[in-house]
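Enquirer:
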Amino acid sequence: MTAPLTPAPQRLLVRGARLVPLDGEAPGAPVDLRLADGVMCEVGEALTPAGEPVLEAGGRWVIPGLWDAHLHLAAHASRRGWFDLASTDGPDAAVARVAAHLAARPGEVAGGVATGFGYRSNAWSAPASVAALDAVSGDRPVVLVAGDFHNGWLNSAAQRLLGVGPFAGALFEEEWFSVADRLGGVPGFAAGQEDVRAVLADAAARGLTGVVDFDFNALADWPRRVAAGLDLLRVRVGVYGPHLDDVIAAGLRTGDALDDRGLVTLGAHKIIADGSLGSRTAWCWEPYADGVPGMPAAAGAPNLPVARLRDQAARATAAGLEVALHAIGDRTVTVALDAVEACGARGSIEHAQLLTAADLGRFARLGVRASVQPLHLVDDRDLADVCWAGRTGRCYAFRALLDAGADLRFGSDAPVAPIDPWGAMAAAVHRSGDDRPAWHPEQAVTPAEAVRASVDGQRLRRGARADLVVLGEDPLWRGATPAETAAHLRTMPVLATVCAGRITHLGAPLLRKGGS
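Take a look at the structure:
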């Protein structure tokens, strides 16, 4: 049930909405939708305006508001101020780009750091070193962040600034998350309010009305942001271990409102159970194909003992919280599902990039959502073919999950991938992001399935949230090839976005101020 928004409920009449049939039903005639108090309170033909503003859809296609089921919004907003390290083919190339950036911006960093983002160290044949960074940066703090956000590279000045190190060897790997948390308020790394505002406006322009934010400080940040007018989206915030005691002591449960308008709600307890494919730390049943036989971590490794994972999941469940279990390797997915089954938890498996056939049916049986990021398959296909050779048929297994009855939810994991719900849908439908043939096309989904995975389980009916998107084209159109269908989705015109009954994006002159 959706709680009414207070103290300033929004009212809106949407006329001539052509509802996209997401569940196989026949398309119907356009209808009118009356939105009030945060919900869709009336659906019918020729509704009489009652003085509220009127959005004239004019027979255009309308879908429920889109959601990004997994992102890190502050980190994504911070990226607006970071310089680009993508496509660097080794540490020397990355260092050269750092040197060029610093030379072009003398004195840019005052009491903060120069931050670069996007290198992929998994493809490097030579190791990174702090000395190489120090040679081009001197006393200017430099922080470099991997494209998958699972490792970082700091020069000595940055290590001194943060009170870590000295660390002269390899990259910070899984300990990177605690290092990044120390950077939360440091100039040059952290996002400013205008960065967040720009990200929200861009998200609304793409049809997003809600996000699940797994930033470490999202719990504290979002009520303050909404109070400051950063209120274009609904936000479901994740809770990490250090905050769990406070949440439980406050008696908060998943779904509870955290602001007086009901835009920010408490989400799940996030547990990071393993690492990533790129860092070779995702925990798998079999060793990585390019790994070193006999090494203890040749198949990746868990981030925490299995017993502790079960205890944390059980404690959150007993307190009324869902769990969100980061599990990328197939062994971690099995262990995470075991933990859910042992304590009767509800929530999601985040990423689920590699699965065993035996685990496919457990998502539906246990009532656990599969929260996945389709754009990652575009980035990871080449690496997966190397590291998980012989196993990639069960990698990003969207079709198999749906066929097994799983509740599939799409997200971006921004800043690892852009906040682009239409790009994510296109990737899931086509299984390619370039001119190459589809990667395991047997795991592709249909446009309707992709949209269903992007609307947080909502449908446009009485009692639903007052969130919707007016589109310039039919999102269920299918071309002669999956590539044509994907191109259609990637260029989908978003004419208007409505969140909680309020227009948050208007890309066409559809609004009339008075109701008549």
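Heads up, the sequence shown is in my numbering, so the first residue is 380 and it goes up one at a time.
Even glycine gets a Cβ: it sits at the ideal position worked out from N, Cα and C.
The structure displayed is predicted, hence computed values, not measured ones.
Within 10 angstroms of the Cβ of Pro485, are there 16 or more other Cβ atoms? Answer buried if so, exposed if not.
Expert: It counts as exposed.
Enquirer: With distances taken Cα to Cα, identify the nearest neighbour of Ala807 among Pro797, Asp814, His819.
Expert: If we check each option's Cα against that of Ala807, His819 comes out closest.
Enquirer: Can you tell me where the beta strand (DSSP E) holding Cys896 begins and where it ends?
Expert: Residue 896 is absent from the model: the chain starts at 380 and stops at 895.
Enquirer: Please report how far the alpha carbon of Arg659 lies from the alpha carbon of Ala436, in whole angstroms.
Expert: Their backbone Cα atoms lie some 49 Å apart in a straight line.
Enquirer: Which complete beta strand (DSSP E) runs does the segment 644 to 706 hold, if anything under 3 residues is left out?
Expert: 702 to 706, all fully within the segment 644 to 706.
Enquirer: Roughly how many angstroms separate the alpha carbons of Leu890 and Asp639, rounded to a whole number?
Expert: Using only the alpha carbons, I get a separation of about 28 Å.
Enquirer: Could you compute how far the alpha carbon of Val849 sits from the alpha carbon of Asp447?
Expert: Distance between the alpha carbons of Val849 and Asp447 is about 18 Å.
Enquirer: Secondary structure at Thr864, three-state DSSP: helix, strand or coil?
Expert: The answer is helix: DSSP assigns Thr864 an H, G or I state.
Enquirer: Is the CB-CB distance between Gln691 and Gly641 below 9 Å?
Expert: For Gln691 and Gly641, no; Cβs fall outside 9 Å.
Enquirer: Would you say the segment 497 to 508 touches the segment 522 to 529, given that touching needs at least three Cβ pairs under 8 Å?
Expert: These segments touch.
Enquirer: Candidates Trp767, Pro753, Ala763, Arg773: which alpha carbon is nearest Leu787's?
Expert: Closest by alpha carbon: Pro753.
Enquirer: Since Ala731 and Ala805 are thought to touch, with beta carbons under 8 Å apart, how far apart are those beta carbons, to the nearest angstrom?
Expert: With 8 Å as the limit, Ala731 and Ala805 do not qualify as a contact, their Cβ atoms being about 20 Å apart.
Enquirer: On the CB-based measure, 16 or more other CB atoms within 10 Å of its CB, does Asp653 come out buried or exposed?
Expert: Classification for Asp653: buried.
Enquirer: Between the alpha carbons of Val834 and Ala686, how many angstroms are there, rounded?
Expert: So the two alpha carbons sit approximately 35 Å from each other.
Enquirer: Rounded to a whole number of angstroms, what is the C-alpha to C-alpha distance between Gly699 and Val418?
Expert: Gly699 and Val418: Cα-Cα distance of roughly 25 Å.
Enquirer: My output table needs one value for Leu756: the three-state DSSP class, helix, strand or coil.
Expert: Leu756: helix per DSSP, three-state reduction.
Enquirer: Can you list, in chain order, the stretches of the beta strand (DSSP E) that have 3 or more residues and sit fully within the segment 545 to 600?
Expert: Whole beta strand (DSSP E) segments, 3+ residues: 587 to 592.
Enquirer: Assign Phe528 to one of three DSSP states: helix, strand, or coil.
Expert: If DSSP states are grouped into helix, strand and coil, Phe528 belongs with coil.
Enquirer: By DSSP's criteria, Cys722 is part of a beta bridge. Which residues make up the other side?
Expert: DSSP lists no partner for Cys722.
Enquirer: State the Cα-Cα distance for the pair Ala456 and Ala425, rounded to the nearest angstrom.
Expert: Whole-angstrom Cα-Cα distance: 42 Å.
Enquirer: Flag this pair as touching only if the segment 472 to 483 and the segment 504 to 516 have three or more C-beta atom pairs under 8 Å; answer yes or no.
Expert: Yes, the segment 472 to 483 is in contact with the segment 504 to 516.
Enquirer: Let me confirm a value: Gln389 is counted as buried when at least 16 other C-beta atoms fall within 10 Å, else exposed. Which label applies?
Expert: Its Cβ being crowded by 16 or more others within 10 Å, Gln389 is buried.
Enquirer: Starting from the C-beta of Ser895, find all residues in its chain whose C-beta is less than 7 Å away, skip the five residues before and the five after it, and write them out in chain order.
Expert: Reliability fails at Ser895, whose pLDDT of 48 lies under 50, so the model's placement of it is uncertain and the value that follows must be treated cautiously. Correct list, in chain order: Pro428.
Enquirer: Hey, Glu404 and Leu412: beta-carbon distance below 9 Å or not?
Expert: No, the Cβ-Cβ distance between Glu404 and Leu412 is not below 9 Å.
Enquirer: What does DSSP give as the partner residue(s) for Gly395 in the beta ladder?
Expert: Per DSSP, none; premise fails for Gly395.
Enquirer: Is it buried or exposed for Pro545, if we count other Cβ within 10 angstroms and need 16 for buried?
Expert: Exposed, by the Cβ-count rule.
Enquirer: Buried or exposed, going by whether 16 or more other CB atoms sit within 10 Å of the CB of Ser750?
Expert: With 16 or more other Cβ atoms within 10 Å, it is buried.
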